[in-house]
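Heads up: the structure comes next, in structure tokens.
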Amino acid sequence: MPIWNSCAALQTNNIQKQLNNYVNYVKTQKEKEFGYPANQNIQLTQFYKWYTGNNLYSAMVNNAGDPFDSSKSYMNALDIEREVIEYFGSLYGFEKDNLWGIVTNSGTDGNNHGIYFGVNYLEKKTHKKPVMYVSEDAHYSNMRLADLQNLDMVVVPADEHGRMIPEELEKSLIKNRPALIVYAMGTTFKGGIDDQEALNKV
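So for the sequence shown, our numbering puts the first residue at 10; every next one is plus one.
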């Protein structure tokens, strides 16, 4: 056997051993973890059996961009994405004909998209860069994303339940700039849900 074949086989064996060790670590650790930051009681066994049984892991399905843009010609699952958005939108009281959204990989990704679209909307409408207002108890990614998107940010005090305090928002407002307010819908540590009605009045 040529030397390079032996080296490749040895490297493959080492990688396989590392992966097997990692699997054992995950299985052992899963039994010891609960609560924040991730729920380990995942009940998707049937879904994954269907997914792997149909070899879907071997296909590249691309849902990039706007799920409500029907001009996409490449292989996608946008119909399913729209169904997810419409289902959750209805739970929050949105009408089907007045609804838009995307399904993201994580809360951070969702926050990033929300801030990005909000900034673009306000800049086009007012020709001024908005100031971002966020509760001190909202997800920490908001602070990092404001920095990445080069936004001025004001951190607004929260109450003991992790909700932005409307009176504190009012005191914090910069009057000559548009306001991009990040509402929390269940903060990471306290589960706080901002009072949108009260904040909207401000």
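Here a beta-carbon is modelled for each residue, glycine too, at the ideal position from N, C-alpha and C.
By Cβ distance below 8 Å, which residues in the same chain neighbour residue i in space, the five residues on each side in sequence not counted?
i: residue 208; result: 173, 175, 178, 190, 192
i: residue 112; result: 72, 76, 90, 93, 94
i: residue 217; result: The structure shown has nothing for residue 217, since the chain only spans 10 to 211.
i: residue 150; result: 116, 117, 120, 121
i: residue 213; result: Nothing can be reported for residue 213, as the shown portion of the chain is limited to 10 through 211.
i: residue 74; result: 81
i: residue 42; result: 49
Quick one: is residue i buried, meaning 16 or more other Cβ sit within 10 Å of its Cβ, or exposed?
i: residue 3; result: Residue 3 lies beyond the range of the chain shown here (10 to 211); nothing can be said about it.
i: residue 170; result: exposed
i: residue 30; result: exposed
i: residue 80; result: exposed
i: residue 196; result: buried
Quick check on the DSSP output: the beta strand (DSSP E) that includes residue i runs from which residue to which?
i: residue 220; result: In the structure displayed, the chain extends from 10 to 211; residue 220 sits before or after that span and is not available.
i: residue 60; result: Taken as a continuous stretch (DSSP letters only), residue 60 belongs to no beta strand (DSSP E), being part of the alpha helix (DSSP H) at 54-62.
i: residue 125; result: Looking at the DSSP string, residue 125 is not in any beta strand (DSSP E); the run it does join, the alpha helix (DSSP H), is 116-135.
i: residue 144; result: 140-144
i: residue 162; result: 161-165
Sorted by chain position, which residues of the same chain lie with C-beta nearer than 6 Å to residue i's C-beta, five sequence neighbours on each side aside?
i: residue 162; result: 141, 155
i: residue 205; result: 192
Can you tell me where the alpha helix (DSSP H) with residue i in it begins and where it stops?
i: residue 88; result: 87-100
i: residue 150; result: 150-157
i: residue 181; result: 175-181
i: residue 68; result: Unbroken run through residue 68: none, as it is neither H nor E.
i: residue 206; result: 205-210
In its own chain, which residues sit with a C-beta less than 7 Å from the C-beta of residue i, not counting the 5 before and 5 after it?
i: residue 137; result: 186, 187
i: residue 105; result: 95
i: residue 109; result: 77
Since residue i and residue j should fall inside the 8 Å C-beta cutoff, what is the C-beta to C-beta distance between them, to a whole number of angstroms?
i: residue 36; j: residue 49; result: With 8 Å as the limit, residue 36 and residue 49 do not qualify as a contact, their Cβ atoms being about 11 Å apart.
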